[in-house]
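J.: Anchor point for the sequence shown: position 123 equals 862 in the working numbering, and the numbering is continuous, going up by one each time.
The C-beta atom is built at its ideal place from N, Cα and C for all residues, glycine as well.
The structure displayed is predicted, hence computed values, not measured ones.
One structure is given below, represented as structure tokens, and several questions about it will come after.
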Amino acid sequence: MAPENLTAYGSTLDAEQQVLANQSRRPPRPMPVIVLADISGSMDGEKIHVLNRSIRSMLHAFAAEDSARGEIHVAVIAFGGDEAVVHQPLVRASQAQWTELTPRGRTPMGGAFDLARTLLDDQTAVPKRAFPPTLVLVSDGLPTDDWQGPLAALLGTRWGARALRLAIGIGVDRTSEADEVLTQFSTPGTDVLRSDQVHEIPAQFRWVTATVTEQLHQRTAPRAVRLEDLD
């Protein structure tokens, strides 16, 4: 190889090494997962017990994921009584400190949509370099507040529109109207996950867990540095 070609080849290698070094110094890209959990009075008893256990297991599974390129961040918005609240702030799954959900009152789902939109719009919580989020809605009944406007506002945001939106319907006494709310929330072409019996809830959360971790693996899979990346 001619000396000038050796010099060019060496410069290319140096550039490739610099790209890899820069990538290794950057923090992992967050993949937000936000659970919107119905804690209305109808969720009392075995429903809320199994829901707590299922969310806790999901957090443990997410915390076990280890990648230098991406990591799962989790938040839980609980809606019951007169308001929706951030029950678990958005943090790395490994940092989440789970406390049990307690059912109460009505079903202010629209308030949960508003909180989710506010959270996704916060660039300190969800930076531009984040992977598209996953939103998981869990409910056993109809909203008791205005939900259509807040849902439209959520889906009109950058991250709301790009999010994978999954819905889990709990109980056999859900009405067709309640199922329609879950369908409108879900990503088009994605079926509502149905847990007619309480014992089916953990299986649905295992499916959600597997889906999210598979997405993380796909998006963080190593790839070779291309010469085009160096331009």
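Between Pro-871, Asp-884 and Val-877, which lies nearest to Gln-954 when the distance is taken from Cα to Cα?
T.: Ranking the options by Cα distance to Gln-954, first place goes to Pro-871.
J.: Kindly indicate which three-state DSSP category Ile-940 falls into: helix, strand or coil?
T.: Three-state result, Ile-940: helix.
J.: Is DSSP giving Gly-910 helix, strand or coil here?
T.: In the structure shown, Gly-910 sits in coil (DSSP, three-state: anything other than H, G, I, E or B).
J.: Throw me the rounded Cβ distance for the Phe-852 and Pro-828 pair, which I believe falls under 8 Å.
T.: Between Pro-828 and Phe-852 the Cβ distance is about 18 Å, and since that is not below 8 Å, they are no contact.
J.: For Gly-844, name the three-state secondary structure that DSSP assigns.
T.: Coil, per DSSP.
J.: Using 8 Å as the threshold, is the region 794-805 in touch with the region 902-915, meaning 3 or more CB pairs across them?
T.: No: the two stretches stay apart, fewer than three of their Cβ pairs being nearer than 8 Å.
J.: Along the chain, where does the beta strand (DSSP E) containing Gln-827 start, and where does it finish?
T.: Run containing Gln-827: 822-831, per the beta strand (DSSP E) assignment.
J.: Applying the criterion that 16 or more other CB atoms from any shown protein chain within 10 Å of the CB defines a buried residue, is Ala-960 buried or exposed?
T.: Ala-960 should be labelled exposed.
J.: Would you mind reading off the limits of the alpha helix (DSSP H) that contains Leu-893?
T.: Residues 887-894.
J.: Since I believe Ala-823 is in contact with Gly-850 (beta carbons under 8 Å), could you give me their beta-carbon distance rounded to a whole number of angstroms?
T.: Correct: roughly 4 Å between the Cβ atoms.
J.: Give me the Cα-Cα distance between Asp-935 and Val-911, rounded to the nearest whole angstrom.
T.: Looking at the two C-alpha atoms, the distance is approximately 5 Å.
J.: Which first and last residues belong to the beta strand (DSSP E) in which Glu-810 is found?
T.: Run containing Glu-810: 809-819, per the beta strand (DSSP E) assignment.
J.: Starting from the C-beta of Ser-833, find all residues in its chain whose C-beta is less than 6 Å away, skip the five residues before and the five after it, and write them out in chain order.
T.: For Ser-833, where only same-chain residues beyond five positions count, the Cβ hits under 6 Å are Ala-802.
J.: Which same chain residues, not among the five before or five after Leu-859, have their C-beta less than 7 Å away from its C-beta?
T.: These residues qualify, in order along the chain: Val-865, Pro-872, Thr-896, Trp-898 and Gly-899.
J.: Do you know offhand how far Met-782's Cα is from Arg-933's?
T.: Computed Cα separation, rounded: 15 Å.
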